[in-house]
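Below is one structure; the comments refer to it alone.
Numbering (our numbering), first residue to last: 2 to 154.
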């Protein structure tokens with residue numbers, strides 16, 4: 002995730018996981034194609050490779066969408082747009098509902114995994130479907146600074 006626009010009126014954050022999209026779909030599609038083409042001698046191998054390839058494609062679809070989060074002060078709205086191969090979906094929230102951004106992190110096997118979560122009047126609203134080992138501190142700071150600037154405007 003990175004901040005692509007930060008002005009008094011708008012804050013735009015994008016997440017474009019190019020690295021995952023450069024590796025996961027070719028690996029998954031390659032496995033599916035070899036399984037369907039009958040490159041394996043037994044049905045067991047064919048089904049295993051087909052399942053693994055399909056699983057890799059599902060992981061890419063589920064956990065690596067292109068996202069654009071727009072905080073728009075003039076309209077008073079947050080628009081969260083998620084784009085996948087099969088289409089785009091948008092969620093819309095009132096800026097008045099958003100209290101602050103927090104680091105929704107946890108530790109697993111000695112590694113700290115993070116994601117950006119908005120605290121709203123109706124509960125938590127995660128901006129990412131999965132967790133990452135990359136720091137989200139700059140994005141969280143930018144969101145909180147932008148939200149706090151609203152009161153001083």
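All residues carry an ideal CB built from backbone N, CA and C; glycine is no exception.
Query: Minimum C-alpha distance to residue 69 - residue among 6, 139, 148; Result: 6
Query: Contained alpha helix (DSSP H) runs [length at least 4] in the stretch 18 to 88, N- to C-terminal order; Result: 19 to 37, 44 to 64
Query: DSSP state of residue 146 mapped onto helix, strand, coil; Result: helix
Query: For residue 29, the nearest candidate out of 51, 15, 40, 72 (CA to CA); Result: 51
Query: Beta-carbon proximity of residue 83 to residue 66, cut-off 8 Å; Result: yes
Query: Distance, residue 21 Cα to residue 55 Cα; Result: 15 Å
Query: Endpoints, the beta strand (DSSP E) within which residue 114 is located; Result: 112 to 114
Query: Residue 124 classed as buried or exposed, judged by whether at least 16 other C-beta atoms fall within 10 angstroms; Result: exposed
Query: 8 Å Cβ cutoff met for residue 148 and residue 133; Result: no
Query: Residue 98, DSSP secondary structure in three states; Result: helix
Query: Nearest-angstrom Cα separation, counted from residue 26 out to residue 64; Result: 12 Å
Query: Assigned exposure category for residue 105 - 16 Cβ within 10 Å defines buried; Result: buried
Query: Through-space distance from residue 85 to residue 91, alpha-carbon basis; Result: 12 Å
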